[in-house]
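For reference, each letter of the sequence shown is one residue, going 103 to 1077 in my numbering. Idealized CB from N, CA, C, for every residue including glycine. None of these values were measured; they are calculated from a predicted model. So the structure is just underneath, and the comments pick up after that.
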Amino acid sequence: MPEDMCDGFGELGIIPNCGNEILLNGVVGYLTQDPDALNIGNLEAVITEDTSTPHPGYDDCKIVFHSCPSIIEPALAPMFDFLGLANNHVLDYMETGLTSTQELLEQSGISFGGAGLNDTLACAPSFIHQNGIQIAFLGSSDINGEDLGDECEPSLTAGPESPGLCGLTEENISSQISNILDTSDSLLIIYQMHTGYEYSFEPERGIISSSEDEYYNPFYTEPSERSIAMAHHAIDEGAGIVIQHHPHVLQGLELYNGKLIAHSLGNFVFDQNFPETFPSMILNAEYDETGFFGYQIVPVYLHYYLPQIATGNLANYILDYMAMKSRKLDTYVKVDRENHIGEVVYDAPYFSYSTDVEVNFQPDSVVQFISDPIQLNKLHHVVNLQSNDEFMFRVGRETIWMGDFDFNPEIDDCVNRNTYYWNLHSSEVTDTVSYNGTSSVKLVRDSENGDNALVDNYYCFPLSGGAGKITVRGFIKTENAEDAMIGVRFYSSRCSGTIETKYTEPVNGTNPWTEYHRNLTVPENTKYIDVRMVSFPPDSGQSIVYFDNVGVIQWEEWHEGNTEILYPNDYYYYQVRSSLDSVNITLDELSYFASDIDLSHDYLLFDTTTVGDYSSQFLTITNSGNTELIVHSVYTDSSVFQPADTNFTIGINNSFTLEIFFNPTAGGFVSDTLYISSNDNDESFITVPLSGFGYQPPAVDISVDYSIDWNLVGLPLDVEDATYNILFPEAIEGTLYRFDNEYISVLYLTPGEGYWLRFTAEGSTVISGFSINELIMNLTEGWNLVSGLSEDVSIYSVFDPDSIIVPGTLYGFDVSYVLAQELVPGKGYWLKTFEAGEITLTSGALAKTSQRDFSLIGKANSLIVNGMDLYFGVEMSASDKLSYSLPPKPPAGAFDVRFSGNWKYCENDGVIEIMNPHETLEIQYDIQNNEKWEIIPVIANGTEWSAAIPLSDQGQLTLDSGVEQWILRKSASTV
103 MPEDMCDGFG ELGIIPNCGN EILLNGVVGY LTQDPDALNI GNLEAVITED TSTPHPGYDD
163 CKIVFHSCPS IIEPALAPMF DFLGLANNHV LDYMETGLTS TQELLEQSGI SFGGAGLNDT
223 LACAPSFIHQ NGIQIAFLGS SDINGEDLGD ECEPSLTAGP ESPGLCGLTE ENISSQISNI
283 LDTSDSLLII YQMHTGYEYS FEPERGIISS SEDEYYNPFY TEPSERSIAM AHHAIDEGAG
343 IVIQHHPHVL QGLELYNGKL IAHSLGNFVF DQNFPETFPS MILNAEYDET GFFGYQIVPV
403 YLHYYLPQIA TGNLANYILD YMAMKSRKLD TYVKVDRENH IGEVVYDAPY FSYSTDVEVN
463 FQPDSVVQFI SDPIQLNKLH HVVNLQSNDE FMFRVGRETI WMGDFDFNPE IDDCVNRNTY
523 YWNLHSSEVT DTVSYNGTSS VKLVRDSENG DNALVDNYYC FPLSGGAGKI TVRGFIKTEN
583 AEDAMIGVRF YSSRCSGTIE TKYTEPVNGT NPWTEYHRNL TVPENTKYID VRMVSFPPDS
643 GQSIVYFDNV GVIQWEEWHE GNTEILYPND YYYYQVRSSL DSVNITLDEL SYFASDIDLS
703 HDYLLFDTTT VGDYSSQFLT ITNSGNTELI VHSVYTDSSV FQPADTNFTI GINNSFTLEI
763 FFNPTAGGFV SDTLYISSND NDESFITVPL SGFGYQPPAV DISVDYSIDW NLVGLPLDVE
823 DATYNILFPE AIEGTLYRFD NEYISVLYLT PGEGYWLRFT AEGSTVISGF SINELIMNLT
883 EGWNLVSGLS EDVSIYSVFD PDSIIVPGTL YGFDVSYVLA QELVPGKGYW LKTFEAGEIT
943 LTSGALAKTS QRDFSLIGKA NSLIVNGMDL YFGVEMSASD KLSYSLPPKP PAGAFDVRFS
1003 GNWKYCENDG VIEIMNPHET LEIQYDIQNN EKWEIIPVIA NGTEWSAAIP LSDQGQLTLD
1063 SGVEQWILRK SASTV
């Protein structure tokens, strides 16, 4: 039973751009899946080609709707069996429009009722015989233009000789129903009423008279008696179900004397740009000859004004909202969070759960501490919080239902994209990175940009219910960020009259997914809010910021412990405050679902763990049900606690042991929540509190020496700011390079990586930070630039389980490449691997392999050129030869000597390459076995000089030459 369908509203809208077929594409599959189902709606527009007779109020202030007859065949006839006409737009084009609408519907086989050319016809029933049961449809409205002072909409109520709608009065209800029951008492009656206040979230309570001005206000949320009284009267008189519409927003369901009243189902096809009108629903009811039963809610969302079956968190937000609104009408709605269905039931939740929680606080004032917002398990409904400690609590609901960015059904390109829930500006929703779910929003800024990136609500939200306290919150992941924040802008009217804007603390630099929040007091006169995500251009390079699970918690008032909470409810969070710095509370909850998942622990406390290190605990999950348990996802709110497995399957009566790692990033007490999502219909989503203490060792200082010109450097400590010119203030600007198949300019140093950095003079720098005692390095095949820990580490103590390190290939740099045996703090090194893999450096680790001497002095012919040695003239296996390969050449300006092909060895003749040759080359040679060799310099055009320099026995040469290539070969006189 969808509600309002107004499809002629707006300029250059969906129908002119896309045609009629698109209107119900998002729900056509659902509405047509059962050929025996009856689909019923409220048609709040006339269908006519003749627009020459608009309502007299059109010239002043009345909005008139109409649709062309072409809408019927593609959009209405295939899906609807009955459409109610008793509403305040039935005479938008006077008698001509009404007559045309009825004739066209009749020609298409769609029943209608609630309006006519006189009061008798308007109040007359329509009948449909389905599955051997006769169903009568009645309708009426009290939105009839008869309110005092209504000059826009003269009377719409039909009279004995005038067209219009059937007036909603107790007398008409009684006569309509009694006239039907006089002819048959075996039929079912569906009564539609167009009543209530537009944009009111609950049926208006406390107003009986219909002679009130129509109230256009999204903040009027107090239930009244008139629409409730009219619905009750219809049930008392014999109606089987009552459907009310006109508010354009969702209102609760009410079971009255065992029969259902739907006070408002929201819009269905409607292009009003109020976001509170976007959530909607389809109400399903089964029936037999005894009446209606089996009521279910299917959540719907008007995506770009068009109905789509809601999914994911959005669907559950809608269902939880309906459960709360219905509960205020003494009616229970059971939410199936896995299948996104709401079921009207007759009983309150009956499975009881109690969880003991230790709550730790952040200072809120000199006398009070307040906790972070704590997420509730929505398979349960919180009913009470109690403690022996002094405390108060409050509960809150989420007001931003699209903050996870996961609801993105396909929509035709012809639809105006400026009607999306979020105004993306220059940003985008991405499905490649997310905190959880499928998507997040991505903001990108370059240092050249002149303004910040912004994503905000396209249309502002009413802050209903007189909210005085809210919390803005969400998850942020950053890369080189500058002032990334989540905020709220407060308005005195809809998206105008700005009062002020408040943000979370700015996030800078590179950070993993982290939750941020800020508790806010709503400024006086605030009526609307707009949620905003911003990031600013960085000082250099590019900034990428991701936002996910963004929201605004609207809090109830603070309560003393042991205060009963209405349930079922739509509360997603609770918060605790106390004069103590921690309290132990018991969280009491009720649920419609019994758990088939048994856990070995309700709470996990980790051992004290040093920052930068990790510890773990184990959680055993047992499947006590009668079907295979599929765990879809396991995750936490932060990267401090991480599960080893995120999805797995558990057979019947089997168990799975899950390891959870604790890796503190700062000192102090840390708490988090482990979330386990599964296919268990009884409890598809369970939580386990986690906590541990991170130990931060005292800060240490390490002095790092450097030479003039190029140096290989590393980061020996965990530091707050790893920008190179902070760590090495005397470095030449723009000369920090990492290696990834080529040299790449960067700004920051990362532990475990090596870098080239250039200086104008030798010197030293002192780096302050926290010790790094272990590093796990993922190396690529070939040469890698690496660095070590906060103390010396022997290359022979490195844990290399797959033997990927090529022996003898750890090279440092001191004027030229130098073979090294250990990694010194603050220095960078080249290291070669046979293949990609993982190695581990650990402080104090003992040698894993024996030390080897890779020098070939005295074993092969050798040249030592300005301190760099080259070997030649002996045979060597291919694997041994790898130990005599050389790293990539250093940056321009550094000195280097090697055989072509990046070798320090050649078996026979070879080409010696000299990089940045000194004015004077000091060469020592050692020729074995009475061999005779010679070197010949190569001039710029590639030809040899005529004079060769002989080499035999041992000796030393001093050459004044800027030559960059020499040919080494055996001389012709060698025997």
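For residue i, three-class secondary structure by DSSP
{"i": "Gly112", "result": "Only weak support exists for where Gly112 lies, its pLDDT of 44 falling under 50; the coordinates are left without a value."}
{"i": "Pro745", "result": "strand"}
{"i": "Asn518", "result": "coil"}
{"i": "Asp284", "result": "helix"}
{"i": "Ser892", "result": "coil"}
{"i": "Leu60", "result": "This structure cannot speak to residue 60, because the chain is shown only from 103 to 1077."}
{"i": "Asn144", "result": "strand"}
{"i": "Asn415", "result": "helix"}
{"i": "Ile788", "result": "strand"}
{"i": "Arg596", "result": "coil"}
{"i": "Glu316", "result": "For Glu316, the predicted structure reports a pLDDT of 38, less than 50, and the residue's modelled location is therefore unreliable. The matter cannot be settled from this model."}
{"i": "Tyr560", "result": "coil"}
{"i": "Asp194", "result": "coil"}
{"i": "Arg634", "result": "strand"}
{"i": "Asp432", "result": "coil"}
Length of the line joining the Cα atoms of residue i and residue j
{"i": "Ser566", "j": "Ile631", "result": "10 Å"}
{"i": "Thr201", "j": "Leu219", "result": "8 Å"}
{"i": "Ile834", "j": "Thr862", "result": "7 Å"}
{"i": "Val742", "j": "Tyr676", "result": "22 Å"}
{"i": "Gln1058", "j": "Trp885", "result": "33 Å"}
{"i": "Ile601", "j": "Phe563", "result": "15 Å"}
{"i": "Val497", "j": "Thr457", "result": "16 Å"}
{"i": "Asn122", "j": "Asn510", "result": "22 Å"}
{"i": "Tyr317", "j": "His348", "result": "Low local confidence applies: a pLDDT of 39 at Tyr317 is under 50, so the model's placement there is unreliable, with the coordinate-based value given in what follows. Answer to the nearest angstrom: the Cα atoms are 11 Å apart."}
{"i": "Asp672", "j": "Gly653", "result": "14 Å"}
{"i": "Ser779", "j": "Leu760", "result": "14 Å"}
{"i": "His157", "j": "Met196", "result": "6 Å"}
{"i": "Thr688", "j": "Asn610", "result": "38 Å"}
Neighbourhood of residue i by C-beta, 6 Å cutoff - its chain only, sequence neighbours within 5 removed
{"i": "Val1065", "result": "Pro1039"}
{"i": "Thr942", "result": "Ile878, Phe901"}
{"i": "Asp608", "result": "Per the sequence presented here, residue 608 reads as Pro, with Asp not at that position. Only Asp585, Met587 meet the Cβ criterion."}
{"i": "Asn375", "result": "Tyr561"}
{"i": "Gly393", "result": "Gly342"}
Same chain, Cβ closer than 7 Å to residue i, five either side skipped, listed in chain order
{"i": "Gly599", "result": "Tyr593"}
{"i": "Glu1036", "result": "Ala1050, Ile1051, Pro1052, Leu1053, Arg1071, Ser1073"}
{"i": "Glu1024", "result": "Asn968, Thr1060"}
For residue j and residue i, believed in contact at Cβ under 8 Å, the rounded distance
{"i": "Thr825", "j": "Leu859", "result": "With 8 Å as the limit, Thr825 and Leu859 do not qualify as a contact, their Cβ atoms being about 12 Å apart."}
{"i": "Gly298", "j": "Ser329", "result": "5 Å"}
{"i": "Ile699", "j": "Asp774", "result": "In fact, because the Cβ distance is near 20 Å, the residues do not count as touching under 8 Å."}
{"i": "Ser346", "j": "Met424", "result": "The amino acid at residue 346 is misidentified as Ser; the sequence shows Gln. With a Cβ gap of about 15 Å, Gln346 and Met424 do not count as contacting."}
{"i": "Ile292", "j": "Ile212", "result": "With 8 Å as the limit, Ile292 and Ile212 do not qualify as a contact, their Cβ atoms being about 15 Å apart."}
{"i": "Asn462", "j": "Ser681", "result": "14 Å between Cβ atoms; not a contact."}
{"i": "Tyr857", "j": "Leu887", "result": "7 Å"}
Cβ-based neighbour list, residue i, same chain, cut-off 8 Å, excluding 5 preceding and 5 following
{"i": "Glu151", "result": "Cys170, Pro171, Ser202"}
{"i": "Thr134", "result": "Pro180, Met181"}
Closer than 8 Å: residue i CB and nearest the ligand SAM heavy atom
{"i": "Leu357", "result": "Because no ligand of any kind appears in the structure shown, any question about the ligand SAM cannot be addressed here."}
Touch test, the region 806-821 against the region 928-943, Cβ-Cβ under 8 Å, three pairs minimum = Contact between the region 806-821 and the region 928-943 is present: three or more C-beta pairs spanning the two stretches fall below 8 Å.
key: Contact between the region 232-247 and the region 261-273 (3+ Cβ pairs under 8 Å)   = Judged by Cβ distances under 8 Å, the region 232-247 makes contact with the region 261-273, as three or more pairs qualify.
request  = Check whether the region 403-418 touches the region 656-672, counting contact only when three or more Cβ pairs, one atom from each stretch, lie closer than 8 Å.
outcome  = As far as the Cβ criterion goes, the region 403-418 does not touch the region 656-672, which means the pair count is below three.
key: Validate contact between the region 1006-1018 and the region 1065-1072 using beta carbons, cut 8 Å, 3 pairs   = The answer is yes - the region 1065-1072 touches the region 1006-1018, with three or more Cβ pairs under 8 Å.
message = Assess contact between the region 352-360 and the region 427-442, defined as three or more Cβ pairs (one per stretch) separated by less than 8 Å. Is contact present?
response = Cβ pair count under 8 Å is three or more, so yes.
ask   = Pairing CB atoms from the region 986-1000 with CB atoms from the region 902-917, are three or more of them under 8 Å?
value = Taking 8 Å as the limit for Cβ pairs, the verdict is that the region 902-917 does touch the region 986-1000.
Cβ pair count under 8 Å reaching 3, the region 936-951 against the region 966-978 = Contact between the region 936-951 and the region 966-978 is absent: fewer than three C-beta pairs spanning the two stretches fall below 8 Å.
message = Pairs of beta-carbons, one from the region 473-493 and one from the region 707-714, closer than 8 Å: are there three or more?
response = When Cβ pairs closer than 8 Å are counted between the two stretches, the region 473-493 is seen not to touch the region 707-714, the count staying below three.
inquiry  = Below 8 Å, how does it come out for the region 689-697 and the region 730-741: are there three or more Cβ pairs, yes or no?
reply    = Taking 8 Å as the limit for Cβ pairs, the verdict is that the region 730-741 does not touch the region 689-697.
task = Examine the Cβ distances between the region 659-672 and the region 605-624 and report whether three or more of them are shorter than 8 Å.
result = Output reads no: the region 605-624 does not touch the region 659-672.
task = Pair every Cβ in the region 511-530 with every Cβ in the region 545-562, then say whether three or more of these pairs are closer than 8 Å.
result = Touching, per the Cβ criterion.
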